[in-house]
Amino acid sequence: MATNFRELIQIPIGAWVESGVDWVQNNLAGPLDGFAAGVGFLADGLEGLLLFLPDWILAPLIIAFAWWRVGWRFGVFATIAMVLIAAMGLWRETMQTLALVIGASIIALAAGLPLGIAMARRDGVATVVRPVLDFMQTMPPFVYLIPAAIFFGLGKVPGTIATVIFAMPPAVRLTNLGIRQVSQENVEAGLAFGCTSRQLLYKVQIPLAMPSIMAGINQTIMLALSMVVIASMIGAGGLGNTVLTGIQRLDVGLGFEGGLGVVFLAILLDRMTQSFGLRRRRD
Amino acid sequence: MFNRASRMLLTGMLGVAVAGGAQAQDDTIEFGWTAWSDAEFVTKLAARLINDNTDYTAELVQTDIAPQYQGLETGDIDAMMMAWLPATHEDYYEEVAAGVENLGVLYNGARLGWAVPADIPEDQLDSLADLSNEEVRSELDGTITGIDPGAGLTALSEEALETYGLDDYMLQTSSGAGMTAALERAVNRDDWIVVTGWSPHWKFGAYDLRYLEDPEGALGGPERVHVLARAGFDASYPEISAMLTRMYLPIDQLQNYMFQARETSYDEAISAYIEENPDRIDYWLTGEL
Chain A
1 MATNFRELIQ IPIGAWVESG VDWVQNNLAG PLDGFAAGVG FLADGLEGLL LFLPDWILAP
61 LIIAFAWWRV GWRFGVFATI AMVLIAAMGL WRETMQTLAL VIGASIIALA AGLPLGIAMA
121 RRDGVATVVR PVLDFMQTMP PFVYLIPAAI FFGLGKVPGT IATVIFAMPP AVRLTNLGIR
181 QVSQENVEAG LAFGCTSRQL LYKVQIPLAM PSIMAGINQT IMLALSMVVI ASMIGAGGLG
241 NTVLTGIQRL DVGLGFEGGL GVVFLAILLD RMTQSFGLRR RRD
Chain B
1001 MFNRASRMLL TGMLGVAVAG GAQAQDDTIE FGWTAWSDAE FVTKLAARLI NDNTDYTAEL
1061 VQTDIAPQYQ GLETGDIDAM MMAWLPATHE DYYEEVAAGV ENLGVLYNGA RLGWAVPADI
1121 PEDQLDSLAD LSNEEVRSEL DGTITGIDPG AGLTALSEEA LETYGLDDYM LQTSSGAGMT
1181 AALERAVNRD DWIVVTGWSP HWKFGAYDLR YLEDPEGALG GPERVHVLAR AGFDASYPEI
1241 SAMLTRMYLP IDQLQNYMFQ ARETSYDEAI SAYIEENPDR IDYWLTGEL
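Protein chains in written order, with the numbering used here: chain A, 1 to 283; chain B, 1001 to 1289.
Below, the structure written as structure tokens:
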């Protein structure tokens, strides 16, 4: 028991990661701060906008949008959701969370969609990116919260960045998959009509891959929402704070109210983003 | 083929686990603990003493603090060693007080407070009252770095902001880990930072910190850390209950070993503690001086 092979092979992976984190924070403070400022500008801007609009303007806008995109029944649901969120006194927290989700999704899609396209067009890129995506998706998010806080401090910025890392992979994967699944006949037809590679991408592959790409966007938004509670452990705020407070105080009611707010947001965002994918498919 | 084999293996393992669980029930003592440095040290220390010196087996169940209080009340866990009384865990304790046994004080002189890196000049920032100076506020960016939004310390810190009229400060909540990450970042960058803190905590060993004076006493007085057990624990395990009642550590000693545990491992620090304090350990185990 005393000596076995486990004690002979000691690879200090943890220590390497720690010194890597130290190196980054000692040498890359400037670029990190610049990046943080950019993310902060987006996150603060979105939150400012959503909180600047009073609830009696914003709620009808959301309800009307739900009605228009999905149908009158969903409009009724949206109305009930908005009234309950306001009645629970969670309007402010819900809008903060919505801003975090939208901000993180915008960044995730801006980086993820081009990456997905690059993966589909070059097998080499796919080989390199796929394990990175696996890593991003399966590493428990608690683990990279702390480096995020060490690099970017506490608050909305590291919260947004951690959310981006967690939420980006489906958009990349499903974009890649969608483009690869465009049938060879369609690609050949495009080439036969003299498409350049760029025209092939924009006029044949992306339009045909659209349902898959929209599904990826939808999944990214959903994952961003599921990161909300975890991200509030590094100060992202919003409904996550309400849930954490409920858990820590054994206050089942408060935790449930916060959780219900997250569920309402999830259903609203899910149906609305899906509606774009479905409409396209029907055309 | 592989599928069937692995399914059989899984069934077998579950069977063993269930059988083992049923068998071990009576002489197994389950301790709830949270991964706070002091909780980890004292809980693992108690578990080691029980496993090495008695016929009982100690098992550790890691959860957040609030579920531990609930687990004690329902009897799902037998004991926890991390009740901060009278103020910090007042809300939790009041809810379950009637249904638990208090096995006395584990260490004294625990405290809450706002801490700053020691290289921030004392003539500029020495007390919570100094925070209202405009220069101090701008150095700190108007932020007090806090821990979990639902923690007792967070509620006290919010009251402290009111007591000292610090209206233009924001208490940035996050988590215990988030707070120490922010502290590490600030120390590395020579930034100013005020964190909500408590002793004992390894950060006082890792960084050079000092508490700010709190002339109004807004963050409460010294706290005692108690061992709690479920109702009926003393009757079921008189020997263990007596040992836990006798356990007491001076806080400075505890803090030293906590830092040692962070540098090496909790197991090694606990071994060192047992080796270096034989009289104390002997008294805990036997009750003889």
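Every residue, glycine too, gets a C-beta built ideally from N, C-alpha and C.
Any C-beta of chain A under 8 Å from that of residue i
i: E1159 (chain B); result: no
i: P1149 (chain B); result: yes
i: A1181 (chain B); result: yes
i: A1261 (chain B); result: no
i: S1175 (chain B); result: yes
i: S1271 (chain B); result: no
i: R1185 (chain B); result: yes
i: R1137 (chain B); result: no
i: R1189 (chain B); result: yes
i: Y1207 (chain B); result: no
i: Q1070 (chain B); result: yes
Straight-line Cα distance separating residue j from residue i
i: A1098 (chain B); j: F1233 (chain B); result: 14 Å
i: A29 (chain A); j: F151 (chain A); result: 8 Å
i: R1262 (chain B); j: W1202 (chain B); result: 8 Å
i: Y1248 (chain B); j: P1238 (chain B); result: 18 Å
i: T175 (chain A); j: L200 (chain A); result: 15 Å
i: Q1023 (chain B); j: T1057 (chain B); result: Note that Q1023 (chain B) scores 39 on pLDDT, short of 50, meaning its location in the model is unreliable and no value can be drawn from it.
i: M233 (chain A); j: L32 (chain A); result: 21 Å
i: A192 (chain A); j: I206 (chain A); result: 18 Å
i: W1114 (chain B); j: T1088 (chain B); result: 14 Å
i: I62 (chain A); j: I106 (chain A); result: 19 Å
i: L223 (chain A); j: G40 (chain A); result: 20 Å
i: L1161 (chain B); j: I179 (chain A); result: 56 Å
i: L1153 (chain B); j: F74 (chain A); result: 43 Å
i: A64 (chain A); j: A215 (chain A); result: 23 Å
i: G1178 (chain B); j: F256 (chain A); result: 24 Å
i: L1103 (chain B); j: G1075 (chain B); result: 16 Å
i: I1240 (chain B); j: P1121 (chain B); result: 49 Å
i: G153 (chain A); j: D1279 (chain B); result: 46 Å
i: S1127 (chain B); j: P1215 (chain B); result: 8 Å
i: E1101 (chain B); j: A1231 (chain B); result: 6 Å
Cutoff 8 Å: residue i Cβ touching any chain B Cβ
i: M227 (chain A); result: no
i: M139 (chain A); result: no
i: N176 (chain A); result: no
i: G48 (chain A); result: no
i: A99 (chain A); result: no
i: A29 (chain A); result: yes
i: L200 (chain A); result: no
i: A149 (chain A); result: yes
i: T94 (chain A); result: no
i: I117 (chain A); result: no
i: L260 (chain A); result: no
i: L109 (chain A); result: no
i: Q274 (chain A); result: no
i: Q205 (chain A); result: no
i: Q25 (chain A); result: yes
Cβ-heavy atom distance, residue i to the ligand COA, below 7 Å
i: V157 (chain A); result: Of ligands this structure carries none, so the ligand COA is not represented either.
Within chain A, the residues that residue i reaches when beta carbons sit closer than 9 Å
i: G1095 (chain B); result: According to the sequence shown, residue 1095 (chain B) is Glu rather than Gly. Within chain A, the residues near E1095 (chain B) are L250.
Chain A residues whose Cβ lies nearer than 7 Å to that of residue i
i: E1092 (chain B); result: Note that residue 1092 (chain B) is Tyr in the sequence shown here, rather than Glu. Within 7 Å Cβ-Cβ: L250.
i: A1066 (chain B); result: I247, Q248, R249, L250
For residue j and residue i, believed in contact at Cβ under 8 Å, the rounded distance
i: L177 (chain A); j: S212 (chain A); result: 6 Å
i: L109 (chain A); j: I217 (chain A); result: 6 Å
i: L1125 (chain B); j: H1226 (chain B); result: At roughly 34 Å, the Cβ-Cβ gap does not stay under 8 Å, so L1125 (chain B) and H1226 (chain B) are not in contact.
i: M288 (chain A); j: P141 (chain A); result: Only positions 1 to 283 of chain A appear in the structure, and residue 288 (chain A) is not among them; the question remains open.
i: V129 (chain A); j: M119 (chain A); result: 5 Å
i: A1129 (chain B); j: L1244 (chain B); result: A1129 (chain B) to L1244 (chain B), Cβ: 41 Å. No contact.
i: S1138 (chain B); j: G1165 (chain B); result: S1138 (chain B) to G1165 (chain B), Cβ: 17 Å. No contact.
i: A99 (chain A); j: T163 (chain A); result: Not really, about 11 Å apart at Cβ, beyond 8 Å.
i: G112 (chain A); j: T220 (chain A); result: 7 Å
i: T1173 (chain B); j: N241 (chain A); result: 6 Å
i: A1182 (chain B); j: T1145 (chain B); result: 5 Å
Contact set between residue i and chain B, taken where Cβ atoms lie within less than 8 Å
i: G155 (chain A); result: Q1172
i: N241 (chain A); result: P1149, T1173
Interface partners of residue i on chain B, CB under 9 Å
i: G235 (chain A); result: T1145, G1146, Q1172, T1173, S1174, S1175, G1178, A1182
i: L244 (chain A); result: D1148, P1149, G1150, T1173, S1175
Closer than 7 Å at the beta carbon, the chain B residues around residue i
i: I146 (chain A); result: A1177, A1181
Next on the checklist: When you compare the stretch 56-68 of chain A with the stretch 168-181 of chain A, are there three or more beta-carbon pairs, one atom per stretch, that lie closer than 8 Å?
Outcome noted: no
Item to check | Contact the stretch 1142-1150 of chain B vs the stretch 241-252 of chain A: 3+ CB pairs below 8 Å | outcome: yes
Checklist entry - Does the stretch 178-185 of chain A touch the stretch 1202-1218 of chain B, meaning 3 or more C-beta pairs lie closer than 8 Å? => result no
Next on the checklist: Could you check whether the stretch 21-40 of chain A touches the stretch 147-163 of chain A, counting it as contact only if at least three pairs of C-beta atoms, one from each stretch, sit closer than 8 Å?
Outcome noted: yes
Checklist entry - Within the chosen definition, does the stretch 1084-1096 of chain B reach the stretch 1032-1044 of chain B through at least 3 CB pairs nearer than 8 Å? => result no
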